[in-house]
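Reading through the structure tokens given below for one structure.
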Amino acid sequence: MTITLQAIKAEHNKVAEMIAAFEKQATSEYRVAGGTIQLNPGERYAGLILGKDGEPDHHVILLPGDEAELNWDDAKKWAKDQGGELPSRREQSLLYANLKEEFQGTWYWSSEAHERESGWAWYQVFNGGYQDITRQGPELRARAVRRLILL
Numbered sequence: 451m452t453i454t455l456q457a458i459k460a461e462h463n464k465v466a467e468m469i470a471a472f473e474k475q476a477t478s479e480y481r482v483a484g485g486t487i488q489l490n491p492g493e494r495y496a497g498l499i500l501g502k503d504g505e506p507d508h509h510v511i512l513l514p515g516d517e518a519e520l521n522w523d524d525a526k527k528w529a530k531d532q533g534g535e536l537p538s539r540r541e542q543s544l545l546y547a548n549l550k551e552e553f554q555g556t557w558y559w560s561s562e563a564h565e566r567e568s569g570w571a572w573y574q575v576f577n578g579g580y581q582d583i584t585r586q587g588p589e590l591r592a593r594a595v596r597r598l599i600l601l
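If you want it as structure tokens, here you go:
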């Protein structure tokens, strides 16, 4: 295929139309006790994480999009580029309970390295609901979350 200026401009116009359509999407609000959480287009409210004392700690917001075939380090970088982080193991349990349909039935990286095994990290299986560890090198899927910290 020969690349021409006309072909580049046509692709540029398609991308511009996609950007305009995305920007027209309305933000939504999710009401929680004591306030309202502003959700950006494509974001989903996952729920509340309790702190160690049982008190509310933070809300978890699932960001749009996911990525396949990333090792653990690349998955963390990808999540940061999306404006979030990989979810913790507790957050993944919440995501499985409340937003399982937003995930493919496969393995997704968590943000947590294994406590004793150097070079290993935790993942969540979204077709079975369990968590396990694997070396940080295999290529799994990734999703990003943002947190709304309660003060």
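Positions 451 to 601 (this note's numbering) are the ones given, in order, by the sequence shown.
All C-beta atoms in this analysis are idealised placements derived from N, C-alpha and C, irrespective of residue type, glycine included.
By the three-class DSSP mapping on this structure, what secondary structure does residue i have?
{"i": "GLN542", "result": "helix"}
{"i": "ALA594", "result": "coil"}
{"i": "GLN456", "result": "helix"}
{"i": "GLU567", "result": "coil"}
{"i": "LEU549", "result": "helix"}
{"i": "GLU589", "result": "coil"}
Just to check, is the beta-carbon of residue i closer than 8 Å to a non-hydrogen atom of the ligand ATP?
{"i": "ALA476", "result": "For the structure depicted, the ligand ATP is absent and the ligand set is empty, with no information on it obtainable."}
Which term fits residue i, buried or exposed, when burial requires 16 or more other beta carbons within 10 angstroms of its beta carbon?
{"i": "ARG621", "result": "Lying before the first or after the last residue shown, residue 621 is absent from the chain, which here runs from 451 to 601."}
{"i": "LYS530", "result": "exposed"}
{"i": "VAL465", "result": "exposed"}
Going straight from the alpha carbon of residue i to that of residue j, what length do you get?
{"i": "GLU562", "j": "GLU493", "result": "23 Å"}
{"i": "LEU549", "j": "LEU512", "result": "9 Å"}
{"i": "ARG585", "j": "SER543", "result": "20 Å"}
{"i": "ASP524", "j": "ASP503", "result": "33 Å"}
Compute the beta-carbon to beta-carbon distance between residue i and residue j, rounded to the nearest angstrom, for a pair I have assumed lies under 8 Å.
{"i": "ARG597", "j": "HIS508", "result": "5 Å"}
Secondary structure, beta strand (DSSP E): runs of 3+ residues fully inside the region 472-515: Uninterrupted beta strand (DSSP E) stretches at least 3 residues long and entirely within the region 472-515 occur at 478-482, 485-489, 494-500 and 506-512, given in chain order.
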